[in-house]
Amino acid sequence: MATSVKKLLAVLSGETVKVPPVWMMRQAGRHLPEYLETRARAKDFLDFCYTPSLATEATLQPIRRYGMDGAILFADILLILDAMGLKVAFEKGEGPLVEQISGPSDLGMVTPQKAADRLAPVYETVSRVKASLPPSTTLIGFAGSPWTVSLYAVEGRGKTDKSTAWRWAHGRPEDLAAVMDQVTEATAYYLSRQVEAGADALMLFDSWAEGLPDNIFREVVIQPTRKLVARLREIGITVPVIGFPRGAGVMLPEYVRETGVTAVGLDTAASPAFINAELPAGFPVQGHLDPLLLIEGGGRLDARVRQLLDAYRGRPHIFNLGHGIRPETPIAHVERVLELIRTE
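Going left to right, the sequence shown walks through residues -12 to 331 as my numbering numbers them.
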């Protein structure tokens, strides 16, 4: 039995519970009709993120509908770049567009503390959500990890083959490190302010960790994440930190050992046998149902949910997806997954 009223926090502290807590990445999103209605009230996506009344409503919708154990702040990983002085836009069919940098000096216009100050509407959202959540629900703040955020600044867009950032990693490592250091410091202040506003836990999204050579993975994923977690601890932030290095593969055990994260999010390709063999038995994991299987539903969905529940029964486990819920996901399939988990 969990000692904390917040089951998700209990698992992050290392407890093993019979019925795992559950939430889903992008649970506040386009598969919900109420989300689409709320989204239509904003003039654009940035306005949506920066309007506390709308962002609060979006955060709370999956809690009302599904009773998720975790509520993740509705925001975007690129808000920090917007606050650091780069132009950020979201174009339909294009994904995110970012003012492209040519070197570290392009990010030196705004101090890390000032960048964090510019994100005051986000903290207002956190505070409003916290006041509205059931006592048993864990509020998760988040940010992008330094590599992924820096990649957007170097590439200038989300739809990219990432070759420019990878070439920086090989040919301009000092410049890339300087950019990531600036992002790390601003992100540390940003996350600390989320915690001050009421976040119970934090999550770091490294969406572009996949496919990197092992030496580059250490330089751009592990080392900057370690710096960020250490910086959070230095400035007094003690809440759990979930790292999500999507696509880390065989580098995941080293990530867990070296970064200082409290728990790790697993992607769709993760093998339960590998995870249980290579990660410490008491280390909390989160994941990792395939969101495409969630769309299809049926017997294979039921079987995979049960397989994941069985695989992680002996360790602290938060049930989640291996990537975000897609817009075409039937609500009934989400409800079926929750039924399977909660009737364990």
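Glycine residues also receive a C-beta, built at the ideal position from the N, C-alpha and C atoms.
Since the model is a prediction, treat every value here as computed from it, not as a measurement.
Query raised in the report: Can you tell me whether Glu315 is buried or exposed, with buried defined as 16 or more other CB within 10 angstroms of its CB?
Result: Indexing the sequence shown from 1 puts residue 315 at position 328. Glu315 should be labelled exposed.
Query - Own chain, CB closer than 6 angstroms to Gly57, minus 5 neighbours either side, in chain order - result: The residue labelled residue 57 in the question sits at position 70 within the sequence shown. So the qualifying residues of the chain are Leu(-5), Trp10, Thr125 and Ile127.
Requested in this report: Check whether the Cβ atoms of Arg333 and Ala257 lie closer than 8 angstroms to each other.
Outcome: Residue coverage of the chain in this structure runs from -12 to 331, which leaves residue 333 outside it and unanswerable.
Requested in this report: Run through the segment 221 to 293 for me and flag every whole alpha helix (DSSP H) of 4 or more residues, listed as ranges in chain order.
Outcome: 239 to 246, 259 to 265 and 278 to 283
Requested in this report: Could you say which of Glu81, Leu178, Ala27 and Pro91 lies nearest to Arg144 if we only look at CA atoms?
Outcome: Walking along the sequence shown from the start, residue 144 turns up at place 157. Closest option to Arg144, Cα to Cα, is Glu81.
Requested in this report: Measure the C-alpha to C-alpha separation of Thr46 and Leu120 and round it to an integer number of angstroms.
Outcome: One-based indexing of the sequence shown puts residue 46 at position 59. One-based indexing of the sequence shown puts residue 120 at position 133. Rounded to whole angstroms, Thr46 to Leu120 spans 10 angstroms at the Cα level.
Query raised in the report: Which residues in the same chain as Arg287 place their Cβ atom closer than 6 angstroms to its Cβ, once the five residues preceding and following it in sequence are excluded?
Result: As a working note, residue 287 is residue 300 in the sequence shown. Taken in chain order, the list of residues that qualify is empty.
Query - Same chain, Cβ closer than 6 angstroms to His18, neighbours up to 5 away in sequence not counted - result: Here residue 18 refers to the residue found at position 31 when the sequence shown is read from its first residue. Around His18: Ile312, Pro314 and Thr316.
Report task. Return the chain-ordered list of same chain residues with a C-beta closer than 7 angstroms to the C-beta of Glu241, the five sequence neighbours on each side being excluded. Result -> Indexing the sequence shown from 1 puts residue 241 at position 254. Around Glu241: Ile209.
Requested in this report: Just tell me which of Cys36, Glu183 and Trp155 has its CA closest to the CA of Phe61.
Outcome: In the sequence shown, counting from the first residue as 1, residue 61 sits at position 74. That would be Cys36, whose Cα lies nearest to the Cα of Phe61.
Report task. Write down every uninterrupted run of the alpha helix (DSSP H) in the segment 104 to 172 whose length is 4 residues or greater and which is fully enclosed by it, in chain order. Result -> 107 to 119, 133 to 142 and 150 to 158
Query raised in the report: In chain order, what residues of the same chain lie with their CB nearer than 8 angstroms to the CB of Pro122, ignoring the 5 residues before and after it?
Result: Looking up residue 122 in the sequence shown gives position 135. So the list reads Val(-8) and Lys(-7), once near-sequence residues are dropped.
Report task. For Lys214, count neighbouring C-beta atoms within 10 Å of its own C-beta (all shown protein chains included) and say buried if the count is 16 or more, exposed if not. Result -> Reading the sequence shown from its first residue, position 227 is the one you call residue 214. Buried, since its Cβ has 16 or more Cβ neighbours within 10 Å.
Report task. In the DSSP assignment, find the unbroken alpha helix (DSSP H) run with Glu78 in it and report its ends. Result -> Working through the sequence shown from its first residue, we reach residue 78 at position 91. Element bounds for Glu78: not the alpha helix (DSSP H) but the beta strand (DSSP E), Val75 to Glu78.
Query - Residue closest to Lys101, alpha-carbon to alpha-carbon, out of Tyr176, His320 and Leu(-1) - result: Reading the sequence shown from its first residue, position 114 is the one you call residue 101. The candidate whose alpha carbon is nearest that of Lys101 is Tyr176.
Requested in this report: Check Val85 in the structure and name its three-state DSSP category.
Outcome: Translated into positions along the sequence shown, residue 85 becomes position 98. DSSP places Val85 in strand when its eight states are reduced to three.
Requested in this report: Go ahead and label Leu281 buried or exposed: buried means 16 or more other beta carbons lie within 10 angstroms of its beta carbon, across all protein chains shown.
Outcome: Locating residue 281 in the sequence shown gives position 294, where the first residue counts as 1. Leu281 is buried by the Cβ-count criterion.
Query raised in the report: What's the gap between the Cα of Val207 and the Cα of Trp134?
Result: The residue you call residue 207 lines up with position 220 of the sequence shown. The residue you call residue 134 lines up with position 147 of the sequence shown. C-alpha separation (whole angstroms): 6 angstroms.
Requested in this report: Spell out the partners DSSP gives Ile59 in its beta bridges.
Outcome: Numbered from 1 along the sequence shown, position 72 holds the residue referred to as residue 59. Ile127.
Requested in this report: Could you spell out where the beta strand (DSSP E) holding Leu189 opens and where it closes?
Outcome: Translated into the one-based positions of the sequence shown, residue 189 becomes position 202. It spans Ala188 to Asp193 - the beta strand (DSSP E) in which Leu189 sits, taken as one unbroken run.
Report task. Using the Cα positions of Pro99 and Ala264, report the straight-line distance between them to the nearest angstrom. Result -> Along the sequence shown, read from residue 1 onward, the residue named residue 99 stands at position 112. Along the sequence shown, read from residue 1 onward, the residue named residue 264 stands at position 277. Answer to the nearest angstrom: the Cα atoms are 40 angstroms apart.
**Report entry** Limits of the unbroken beta strand (DSSP E) element including Leu308
**Finding:** Residue mapping note: residue 308 aligns to position 321 of the sequence shown, counting from 1. Its beta strand (DSSP E) spans residues His304 to Leu308.
Query raised in the report: How many angstroms separate the CA atom of Ala203 from the CA atom of Pro232?
Result: Position 216 of the sequence shown holds residue 203. Position 245 of the sequence shown holds residue 232. The question names Ala, but residue 203 in the sequence shown is Ile. Roughly 14 angstroms between the two C-alpha positions.
Query raised in the report: Roughly how many angstroms lie between the CA atoms of Ser179 and Leu219, to the nearest whole one?
Result: In the sequence shown, counting from the first residue as 1, residue 179 sits at position 192. In the sequence shown, counting from the first residue as 1, residue 219 sits at position 232. When rounded, the distance between both Cα atoms is 7 angstroms.
Query raised in the report: Across which residues does DSSP place Val(-2) in a beta bridge pair?
Result: For this step, residue -2 is matched to residue 11 along the sequence shown. Bridge partners of Val(-2): none, in fact.
Query - Extent of the continuous alpha helix (DSSP H) to which Tyr53 belongs - result: What you label residue 53 is simply residue 66 of the sequence shown in a count that begins at 1. Counting along the chain, the alpha helix (DSSP H) containing Tyr53 begins and ends at Pro39 to Tyr53.
Query - Burial state of His275, where buried means 16 or more other Cβ atoms lie within 10 Å - result: Along the sequence shown, read from residue 1 onward, the residue named residue 275 stands at position 288. Under this definition His275 is a buried residue.
Query raised in the report: Mapping DSSP to helix, strand and coil, what is Ala319?
Result: Here residue 319 refers to the residue found at position 332 when the sequence shown is read from its first residue. It is helical.
Query raised in the report: For Val9, which three-state DSSP category applies?
Result: By 1-based counting over the sequence shown, the position of residue 9 is 22. Residue state, collapsed to three classes: strand.
Query raised in the report: Alpha carbon to alpha carbon, how far is Val216 from Thr171?
Result: As a working mapping, residue 216 is identified with position 229 in the sequence shown. As a working mapping, residue 171 is identified with position 184 in the sequence shown. Their backbone Cα atoms lie some 9 angstroms apart in a straight line.
Query - 8 angstroms contact criterion, which Trp195 and Leu138 should meet: CB distance rounded - result: For this step, residue 195 is matched to residue 208 along the sequence shown. For this step, residue 138 is matched to residue 151 along the sequence shown. Contact holds; Cβ gap of about 5 angstroms.
Report task. Over the uninterrupted alpha helix (DSSP H) stretch that includes Thr25, give me the two end residues. Result -> Here residue 25 is taken as the residue at index 38 of the sequence shown, counted from 1. First-last of the alpha helix (DSSP H) with Thr25: Pro20 to Arg26.
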